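Engineer: Below you'll find the structure I mean.
Number of protein chains: 2
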Amino acid sequence: MKSIRAIVEEEGISLTPQRLAIIDFMEGNRTHPTVDEIYQDVKSMYPTISKATVYSTMQLLCELGAVQELSIRKRGEACFDPRENKHQHFLCRKCNRVIDISVDLYDEEDIIKAIDSRGHRVEDVHSYFYGVCSDCIQSK
Amino acid sequence: MKSIRAIVEEEGISLTPQRLAIIDFMEGNRTHPTVDEIYQDVKSMYPTISKATVYSTMQLLCELGAVQELSIRKRGEACFDPRENKHQHFLCRKCNRVIDISVDLYDEEDIIKAIDSRGHRVEDVHSYFYGVCSDCIQSK
DNA sequence: TACTGATTTGTAATCATTATAATATTGTAA
DNA sequence: TTACAATATTATAATGATTACAAATCAGTA
Numbered sequence: 009m010k011s012i013r014a015i016v017e018e019e020g021i022s023l024t025p026q027r028l029a030i031i032d033f034m035e036g037n038r039t040h041p042t043v044d045e046i047y048q049d050v051k052s053m054y055p056t057i058s059k060a061t062v063y064s065t066m067q068l069l070c071e072l073g074a075v076q077e078l079s080i081r082k083r084g085e086a087c088f089d090p091r092e093n094k095h096q097h098f099l100c101r102k103c104n105r106v107i108d109i110s111v112d113l114y115d116e117e118d119i120i121k122a123i124d125s126r127g128h129r130v131e132d133v134h135s136y137f138y139g140v141c142s143d144c145i146q147s148k
Numbered sequence: 009m010k011s012i013r014a015i016v017e018e019e020g021i022s023l024t025p026q027r028l029a030i031i032d033f034m035e036g037n038r039t040h041p042t043v044d045e046i047y048q049d050v051k052s053m054y055p056t057i058s059k060a061t062v063y064s065t066m067q068l069l070c071e072l073g074a075v076q077e078l079s080i081r082k083r084g085e086a087c088f089d090p091r092e093n094k095h096q097h098f099l100c101r102k103c104n105r106v107i108d109i110s111v112d113l114y115d116e117e118d119i120i121k122a123i124d125s126r127g128h129r130v131e132d133v134h135s136y137f138y139g140v141c142s143d144c145i146q147s148k
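Going line by line, the protein sequences match chains L and E. Per the numbering used here, residue 9 is the first one in the first sequence, and the count goes up by one each step. Per the numbering used here, residue 9 is the first one in the second sequence, and the count goes up by one each step.
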């Protein structure tokens, strides 16, 4: 899997110290941090960074496909995930953690079984498909 | 499939005129309305209704399992769906519509094929699993 | 070194949602 | 029917994430 930094460098996008600090924090990160969590962490190394920079950098990384924005937290903040090997996301409604489930499965029922077999309890599944609808493809 | 109204009545919850107007609008509704869209529609019949009432009623209907809250719109508003037969949700990034895909399938790749076969183009899939994690089950 | 464009910063604005408190309505018991 | 308590509704204020914006800074190049 290509690193976030490698993807950014390949695109010829300038690696400012702020961006580098954010990328370093995200690289291999499995905690699914929110913008505020990224901001708090980077600020300790780089005290003058602004939250607006975190927003713009995360948007950039999403556009490059280097990270993924998750909207798993209902009515809450976005959180981010480096795009790595196929895995699923499980949100615990008690402790509010987003837990990676590393399975290479595509069938919802198989995935639920895999999550259950790790000792968790699945109560709900939301699957969202994104793209372009037939009307918009035609009226292009 | 049980109607929203039937579910509410079974629970012995009082059917105020405001709730009834909201339920009537949601019953069989396939447009996945947001709170504001529900509010605008109901207001035309019931001009004094408050948006706070729409919020509280939608929360009630969700708790009863009569409707489902979707967070398919990234960084956007919640939208709602009467709980009916199994189907999938497809968001068009151009026209911003949420389109129901009526399939009784559980395999992501099969679902994508079904959506494609209707002339749409799927670009991304987000599947979110919700429940209680093993740590929280144990430390109960 | 000077200049141009991109980036960062801090702040203000926006927008959905939640909280709150006053008012109105409902259901129930006398 | 009347009175009362519990519940629901309303309007408004508060919150919190995100976006917009303009000024200041920085990077790369002629």
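Glycine included, each C-beta is placed from N, C-alpha and C at the ideal position. Here the structure is a predicted model, which is why all the values come from computation and not from measurement.
#1: Keeping to the same chain, check which residues put their C-beta closer than 8 Å to that of Leu72 of chain L; ignore five residues upstream and five downstream.
#2: How far does the alpha helix (DSSP H) with Val111 of chain E in it reach, from first residue to last?
#3: Just checking: is the beta-carbon of Cys70 of chain L within a distance shorter than 8 Å of some beta-carbon in chain E?
#4: If the cut is a Cβ gap below 7 Å, which residues of chain E does Glu92 of chain L touch?
#5: If you draw a straight line from the C-alpha of Ala125 of chain L to the C-alpha of His95 of chain E, how long is it?
#6: Helix, strand or coil: how does DSSP classify Asp18 of chain E here?
#7: Which residues share a DSSP beta bridge with Thr42 of chain L?
#8: Step through the CB atoms of chain L and report whether any lies within less than 8 Å of the CB of Leu28 of chain E.
#9: Report the option in L:Asp49, L:Gln67, L:Leu113, L:Ala74 whose CA atom is closest to the CA atom of Arg83 of chain E.
#10: Using beta-carbon positions only, say whether Glu117 of chain L and Tyr138 of chain E come within less than 8 Å of one another.
#11: Grouping DSSP H, G and I as helix and E and B as strand, with all else coil, what is Ser79 of chain E?
#12: Following the continuous alpha helix (DSSP H) through Leu72 of chain L, name the residue where it begins and the one where it ends.
#13: Which residue or residues does DSSP assign as beta-bridge partners of Ile139 of chain E?
#14: Just checking, does the stretch 48-57 of chain E make contact with the stretch 20-35 of chain E on the three C-beta pairs under 8 Å criterion?
#15: Considering just the uninterrupted stretch of the alpha helix (DSSP H) at Glu116 of chain E, what are its terminal residues?
#16: Given a limit of 7 Å on CB to CB distance, which residues of the stretch 40-62 of chain L reach chain E?
#17: Please list the partners that Gln96 of chain L has in chain E, where partner means a Cβ-to-Cβ separation under 8 Å.
#18: Going by Cα to Cα distance, which pick from L:Phe98, L:Ile119, L:Asp112, L:Lys59 is closest to Ser79 of chain L?
#19: If we ignore side chains and look at the alpha-carbon of each, how far apart do Ser147 of chain E and Val133 of chain E end up?
Structural biologist: On the basis of the data shown:
#1: Taking the first residue of the first sequence as position 1, residue 72 of chain L is located at position 64. The residues are Ile15, Val16, Glu19, Ile21.
#2: For this step, residue 111 of chain E is matched to residue 103 along the second sequence. It is not in any alpha helix (DSSP H) - Val111 of chain E carries neither H nor E in the DSSP assignment.
#3: Here residue 70 of chain L refers to the residue found at position 62 when the first sequence is read from its first residue. No, its Cβ sits nowhere closer than 8 Å to a Cβ of chain E.
#4: Sequence index remark: in the first sequence, residue 92 of chain L carries index 84 (1-based). Going along chain E, no residue has its Cβ under 7 Å from Glu92 of chain L, so there is no contact; the nearest lies around 15 Å.
#5: Position 117 of the first sequence holds residue 125 of chain L. Position 87 of the second sequence holds residue 95 of chain E. According to the sequence as given, residue 125 of chain L is Ser; it is not Ala. Cα to Cα, Ser125 of chain L sits roughly 26 Å from His95 of chain E.
#6: Here residue 18 of chain E refers to the residue found at position 10 of the second sequence. Here the sequence assigns Glu to residue 18 of chain E, which means Asp is not the residue at that position. Glu18 of chain E: helix per DSSP, three-state reduction.
#7: On the first sequence, residue 42 of chain L is found 34 positions in, with the first residue counted as 1. BP columns for Thr42 of chain L point to L:Cys87.
#8: For this step, residue 28 of chain E is matched to residue 20 along the second sequence. No, Leu28 of chain E lies away from the interface with chain L (no Cβ there is under 8 Å from its Cβ).
#9: Along the second sequence, read from residue 1 onward, the residue named residue 83 of chain E stands at position 75. Minimum Cα distance to Arg83 of chain E is reached at L:Gln67.
#10: Here residue 117 of chain L is taken as the residue at index 109 of the first sequence, counted from 1. Here residue 138 of chain E is taken as the residue at index 130 of the second sequence, counted from 1. No. Outside cutoff.
#11: In the second sequence, the residue the question calls residue 79 of chain E occupies position 71. Looking at Ser79 of chain E - three-state DSSP - the assignment turns out to be coil, as it is neither helix nor strand.
#12: The sequence position of residue 72 of chain L within the first sequence is 64, counting from 1. Unbroken run through Leu72 of chain L: none, as it is neither H nor E.
#13: As a position in the second sequence, residue 139 of chain E is number 131, starting the count at 1. Correcting the residue type first, residue 139 of chain E is Gly in the shown sequence and not Ile. Note: Gly139 of chain E sits in a beta bridge opposite L:Cys100, L:Val130.
#14: These segments touch.
#15: By one-based count along the second sequence, residue 116 of chain E stands at place 108. Looking at the DSSP string, the run of the alpha helix (DSSP H) that includes Glu116 of chain E is 116-125.
#16: none
#17: Working through the first sequence from its first residue, we reach residue 96 of chain L at position 88. Ordered by position in chain E, the residues that pass the 8 Å Cβ test against Gln96 of chain L are Ser135, Phe137.
#18: On the first sequence, residue 79 of chain L is found 71 positions in, with the first residue counted as 1. Checking every option, the nearest Cα to that of Ser79 of chain L belongs to L:Phe98.
#19: Looking up residue 147 of chain E in the second sequence gives position 139. Looking up residue 133 of chain E in the second sequence gives position 125. Looking at the two C-alpha atoms, the distance is approximately 33 Å.
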